[in-house]
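First up is the structure itself, then whatever we jot down about it.
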Amino acid sequence: MRFETLAVHAGHSPDATTGAVAPPLYLSTTFERAGDGSFPAGFVYIRDANPNRRRLEECLASLEGGAVCAAFPSGMAATHAIFQTLAPGDRVLLPEDAYYATSQIVRELLGRWGLRGDTVDCTDLDAVRRALETPSRLVWIETPSNPRLRITDISAVSELAHRAGALVVCDNTWATPALTRPLSLGVDLVMHSTTKYFGGHSDVQGGAVIARVEDRVFQSVRLAQTLAGGVPSPFDCWLIRRGAQSLAARLRVHCENAAIVARFLTGHRAVSAVHYPGLSSHPGHAIAARQMAAFGGMLSFEVAGGRSAAMAAAGRLRVITRATSLGGTESLIEHRASIEGAHTRAPEGLLRMSVGLEHPDDLTADLDQALGGT
Ligand SMILES: *Cc1c(COP(=O)(O)O)cnc(C)c1O
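When the letters of the sequence shown are read in order and numbered with the numbering used here, they come out as residues 74 to 447.
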């Protein structure tokens with residue numbers, strides 16, 4: 074079955090006892106034993122497994138083309154579980170523009186437990202090769218990256234990492250499997266913040282780890298999930314599973330709108346740079362064209378005049394909402410440098426935009442009136 078069909082049907086068969094087409098929500102924390110002491114439906118206790126989480130995990134594994142999935146209550150809980158499979162003294166390589174909390178987990182939380190983290194420019198294969206001369210256990214990929222939409226060549230980095238004996242993880246939150254399938258490009262694990270495009274409506278938080286095979290690494294992720302209790306509620310699973318059904322359809326409009334907004338901004342006199350992998354001027358355009366089915370719904374741009382001009386333009390927006398996060402139906406904009414604080418690498422004039430499902434003419438008109446005053 075093709076992606077769109079799987080998105081609708083994987084983990085979404087009608088309920089066997091009632092015929093309900095929309096899956097029932099199972100709030101039960103515990104499940105009855107049969108007279109002989111067995112558990113006929115395979116469920117024992119909510120933290121170990123739950124029917125709604127099972128359906129979500131089936132769906133996500135299938136959409137990423139993986140064998141298994143562990144669902145978490147947030148993207149960061151998923152990331153933390155992956156790092157927990159490592160041992161003190163292990164070294165991980167992170168992209169220098171990794172999602173801010175990912176590098177903070179390594180730096181501020183797991184550093185105390187002996188995990189060592191170094192950063193590398195993942196878009197520079199020579200730099201990755203040099204960084205791998207020092208033994209490393211894990212290489213983290215995130216593409217397109219935050220906030221400048223830099224593109225990493227997933228298969229090239231995976232090959233270098235595997236040759237050096239390292240595991241490869243790809244944070245596929247921004248591309249989603251509707252656009253990029255990292256497991257088919259050689260990575261071992263895919264991580265998601267399902268809070269974003271999978272949920273799709275800015276109303277539920279979640280995360281996931283999907284593995285190509287159910288090996289010892291995945292078993293260790295599963296143990297971190299069920300033993301440490303990093304599990305999403307049945308309702309959160311239900312919402313994210315529902316969101317997944319329209320993922321492919323929503324992504325088509327997100328991508329179309331983002332391309333229109335990127336083209337509009339490129340020609341605007343108040344804008345000094347536009348970062349969108351769909352633009353032929355983008356340094357990662359050729360790789361993105363190869364490994365993405367379309368160029369995504371995220372972009373960023375730099376307002377001429379720096380921080381104060383960017384803040385002022387964002388302050389004048391009426392349709393586009395000033396808020397962090399991404400992947401919902403509504404367009405969001407955010408000044409990354411002020412949310413990331415002291416260690417930020419984001420240019421001061423940069424605004425990041427999650428392009429939503431509004432009519433593109435309303436988005437460009439809103440940007441035009443907001444930038445007009447700068
Ligand atoms: C949001 C995000 C995360 C973190 O996910 P949460 O659900 O907020 O914990 C990780 N990586 C990327 C790329 C994200 O956008």
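Don't be surprised by glycine CBs; every beta carbon is placed ideally from N, CA and C. Note that the structure is predicted; figures quoted are calculated from it, not measured.
Any non-hydrogen atom of ligand 1 closer than 6 Å to residue i Cβ
i    : result
G148 : yes
T397 : no
T246 : yes
S500 : Since the displayed the chain opens at 74 and closes at 447, residue 500 lies outside it and no answer follows.
Q157 : no
S306 : no
T253 : no
Q298 : no
Y172 : yes
S218 : no
T268 : yes
Q442 : no
Q292 : no
Q278 : yes
Beta-bridge partners of residue i, as assigned by DSSP
i    : result
M264 : D244 and V282
S373 : H348 and R425
I406 : R395 and M426
L215 : The amino acid occupying residue 215 in the given sequence is Glu; Leu does not appear at that position. Per DSSP, D244.
Y118 : T103
V141 : A284
Endpoints, beta strand (DSSP E) assigned at residue i
i    : result
M426 : L423 to S427
V193 : R189 to V193
P124 : Premise fails: P124 lies in the alpha helix (DSSP H), P124 to E137, not in any beta strand (DSSP E).
L166 : R164 to P168
Alpha-carbon to alpha-carbon, residue j and residue i
i    : j    : result
T447 : A438 : Here T447 scores only 45 on pLDDT, less than 50, and its place in the model should not be relied on; the value that follows carries that caveat. Rounded to the nearest angstrom, the two C-alpha atoms are 15 Å apart.
E169 : T175 : 11 Å
L211 : V165 : 5 Å
T91  : Y99  : 13 Å
D197 : E215 : 14 Å
T246 : G108 : 45 Å
V260 : R342 : 41 Å
Y270 : S209 : 31 Å
E206 : D441 : 49 Å
A89  : A114 : 12 Å
A383 : E131 : 43 Å
R223 : G302 : 34 Å
S345 : S411 : 19 Å
R203 : P97  : 52 Å
E105 : F112 : 7 Å
C243 : L262 : 6 Å
L444 : S147 : 35 Å
S231 : W213 : 10 Å
G273 : T402 : 6 Å
A396 : L405 : 6 Å
Range of the contiguous alpha helix (DSSP H) that encloses residue i
i    : result
C328 : L320 to T339
Y173 : Y173 to Q177
R203 : L198 to A204
I452 : For residue 452 there is no data in the structure shown, the boundaries of the chain being 74 and 447.
Residue i beta carbon near ligand 2 (any heavy atom closer than 6 Å)
i    : result
W311 : The ligand content of the structure shown is limited to ligand 1, which means ligand 2 is not among them.
Assess contact between the region 342-358 and the region 267-279, defined as three or more Cβ pairs (one per stretch) separated by less than 8 Å. Is contact present? No, because fewer than three Cβ pairs between the region 342-358 and the region 267-279 fall closer than 8 Å, the two stretches do not touch.
Can at least three beta-carbon pairs, one atom from the region 334-341 and one from the region 157-168, be found at a separation below 8 Å? Contact fails: fewer than three Cβ-Cβ distances are below 8 Å.
Quick one: any contact between the region 359-370 and the region 387-396, if contact means 3 or more CB pairs under 8 Å? Result no; under three Cβ-Cβ pairs closer than 8 Å.
Three or more C-beta pairs below 8 Å linking the region 367-380 and the region 217-233: Flag = yes, the region 367-380 and the region 217-233 touch.
Determine contact between the region 147-156 and the region 292-309, defined as no fewer than three beta-carbon pairs at a distance below 8 Å. Yes, they touch.
Contact between the region 427-442 and the region 181-194: three or more CB pairs below 8 Å? Segments in contact, no.
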